[in-house]
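Undergrad: Sharing a structure, written as structure tokens. Questions coming.
Numbering (my numbering), first residue to last: 534 to 836.
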């Protein structure tokens, strides 16, 4: 939908129309009486309403509001217009830059002036009076004068990005100069964000040191697990092979209290080892078969 313009000067007191003068009364009458509900004035290219000329009888917009103001010692008729696509295109192309009002000095026999239409034109030299004839509903043909020209500036309505227009023309020119080849589009490659700094050598050395300590602890745990399994095998004998323990056997083996103490320490070490592995599993891949197989624990639970 087209945007409504700001206030534009459409006529100035004192301009000559058919040997007469645009009076203050005319301007005040048009400002006081104008109503879209009464009779909405349209915008016409070169005052033309004919379906047989190049404009095909199409209007170029509407006159929405009218008011009068005194500026620089003269009364002015100001209008707000809503241009349609035809007027916007012409104005953007530097065409139809001037306005000319179409007043009826004796509207409906009231003796008061009414704004019947507004023209846009390219002929600033045509400032004299010209009669425009058109038929009303009753078939009578009446004559209406239109005034001197006022410049029409639609910069507040047009919203053209000239940089985009220049870019479009440049692309078209390159297309023809390159023999019809379309411009290549560079694909964006994903790059690390500036906030994510890579690990430096010092940080890497610190991390590797921690991993080496984990490996050392793992080796110690494996050794203790092997030793513990050997101790368990000494006391995990079948009932058939079980003999009355001698005094020396009791000294070489371990007591149940010692076994429970050793089992508790091993469970604590395994728990800590598991926690440490969870903390660094994102930094180093797990070494196959690095966890204890768990025979010692199973045997201890079975006792």
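Even for Gly, the Cβ is constructed at its ideal location relative to N, Cα and C.
Report the three-state DSSP secondary structure of residue 618 (helix, strand or coil).
TA: If you number the chain shown from 1, residue 618 lands on position 85. Looking at residue 618 - three-state DSSP - the assignment turns out to be helix.
Undergrad: If I follow the unbroken beta strand (DSSP E) through residue 647, where does it start and stop?
TA: Within the chain shown, residue 647 is the residue found at index 114, counting from 1. Where residue 647 is concerned, the enclosing beta strand (DSSP E) stretches over 647–654.
Undergrad: Could you give the DSSP three-state label for residue 664: helix, strand or coil?
TA: Here residue 664 corresponds to residue number 131 of the chain shown, with the count starting at 1. Its pLDDT being 33, under 50, residue 664 is placed unreliably in this model, and the value from its coordinates should be taken loosely. Strand, per DSSP.
Undergrad: What separation, rounded to the nearest whole angstrom, lies between the Cα atoms of residue 802 and residue 735?
TA: For the purposes of this step, residue 802 is identified with residue 269 of the chain shown, where counting begins at 1. For the purposes of this step, residue 735 is identified with residue 202 of the chain shown, where counting begins at 1. For residue 802 and residue 735, the distance between alpha carbons rounds to 30 Å.
Undergrad: Counting C-beta neighbours from all protein chains within 10 Å, is the total for residue 744 16 or more, i.e. buried, or is it exposed?
TA: As a first step, residue 744 must be located in the chain shown, where it is residue number 211. So residue 744 ends up on the exposed side.
Undergrad: If you compare alpha carbons, which of 580, 613 and 602 is closest to residue 855?
TA: Here the chain has residues from 534 to 836 only, and residue 855 is not among them.
Undergrad: Using beta-carbon positions only, say whether residue 633 and residue 620 come within less than 9 Å of one another.
TA: Position 100 of the chain shown, counted from the start, is the residue given in the question as residue 633. Position 87 of the chain shown, counted from the start, is the residue given in the question as residue 620. Cβ atoms of residue 633 and residue 620: not closer than 9 Å.
Undergrad: Do residue 649 and residue 564 have their C-beta atoms within less than 9 Å of each other?
TA: Locating residue 649 in the chain shown gives position 116, where the first residue counts as 1. Locating residue 564 in the chain shown gives position 31, where the first residue counts as 1. No.
Undergrad: Residue 573 by DSSP, collapsed to three states: which one?
TA: Your numbering for residue 573 matches position 40 in the chain shown. DSSP places residue 573 in the coil class of the three-state scheme, outside both helix and strand.
Undergrad: In the DSSP assignment, find the beta strand (DSSP E) that holds residue 555 and state where it starts and stops.
TA: Here residue 555 refers to the residue found at position 22 of the chain shown. For residue 555, there is no enclosing beta strand (DSSP E), as DSSP marks it with neither H nor E.
Undergrad: Do you know how far the Cα of residue 608 is from the Cα of residue 577?
TA: Position 44 of the chain shown, counted from the start, is the residue given in the question as residue 577. Position 75 of the chain shown, counted from the start, is the residue given in the question as residue 608. Approximately 24 Å between the Cα atoms of the pair.
Undergrad: Can you give me the C-alpha to C-alpha distance between residue 700 and residue 603, rounded to a whole angstrom?
TA: Within the chain shown, the letter at position 167 stands for residue 700. Within the chain shown, the letter at position 70 stands for residue 603. Distance from the CA atom of residue 700 to the CA atom of residue 603, rounded to whole angstroms, is 44 Å.
Undergrad: Bridge partners for residue 591 per DSSP, in chain order?
TA: Position 58 of the chain shown, counting from 1, holds the residue named residue 591. Answer is none; residue 591 lacks a bridge partner.
Undergrad: DSSP three-state call for residue 805: helix, strand or coil?
TA: Within the chain shown, the letter at position 272 stands for residue 805. DSSP places residue 805 in helix when its eight states are reduced to three.
Undergrad: On a CA-only basis, which of 557, 542, 588 and 626 is nearest residue 638? Give me that one, please.
TA: Here residue 638 refers to the residue found at position 105 of the chain shown. Cα-wise, what sits closest to residue 638 is 557.
Undergrad: Beta-carbon separation of residue 579 and residue 560 under 9 Å?
TA: Start at 1 with the first residue of the chain shown, and residue 579 comes out as number 46. Start at 1 with the first residue of the chain shown, and residue 560 comes out as number 27. It is not a contact, given that the beta carbons lie outside the stated cut-off.
Undergrad: Report all residues from its chain with a CB closer than 8 Å to the CB of residue 760; omit the five preceding and five following residues, and keep chain order.
TA: Position 227 of the chain shown, counted from the start, is the residue given in the question as residue 760. Cβ within range, chain order: n/a, list empty.
Undergrad: Buried or exposed: which applies to residue 635, given that a residue is buried once 16 or more other Cβ atoms fall within 10 Å of its Cβ?
TA: Position 102 of the chain shown, counted from the first residue, corresponds to residue 635. Buried, because 16 or more other Cβ atoms sit within 10 Å of the Cβ of residue 635.
Undergrad: For residue 607, name the three-state secondary structure that DSSP assigns.
TA: Position 74 of the chain shown, counted from the first residue, corresponds to residue 607. Residue 607: strand per DSSP, three-state reduction.
Undergrad: Nearest by alpha-carbon distance to residue 537: which of 589, 593 and 588 is it?
TA: The sequence position of residue 537 within the chain shown is 4, counting from 1. Looking at the Cα atoms, 593 is the closest of the given residues.
Undergrad: Under DSSP, the beta strand (DSSP E) around residue 637 begins and ends at which residues?
TA: Translated into the one-based positions of the chain shown, residue 637 becomes position 104. Where residue 637 is concerned, the enclosing beta strand (DSSP E) stretches over 631–637.
Undergrad: My output table needs one value for residue 626: the three-state DSSP class, helix, strand or coil.
TA: Your numbering for residue 626 matches position 93 in the chain shown. Three-state result, residue 626: coil.
Undergrad: Looking only at its chain, what residues have a beta carbon closer than 8 Å to the beta carbon of residue 535, apart from the 5 residues adjacent to it on each side?
TA: Mapped onto the chain shown, residue 535 falls at position 2. If we look at residue 535 and ignore the five residues flanking it on each side, its Cβ neighbours are 594, 615, 616, 617, 618, 621 and 690.
Undergrad: Residue 753 bridges to which residues according to DSSP?
TA: The residue labelled residue 753 in the question sits at position 220 within the chain shown. Looking at the DSSP assignment, residue 753 forms no beta bridge with any residue, so it has no partner.
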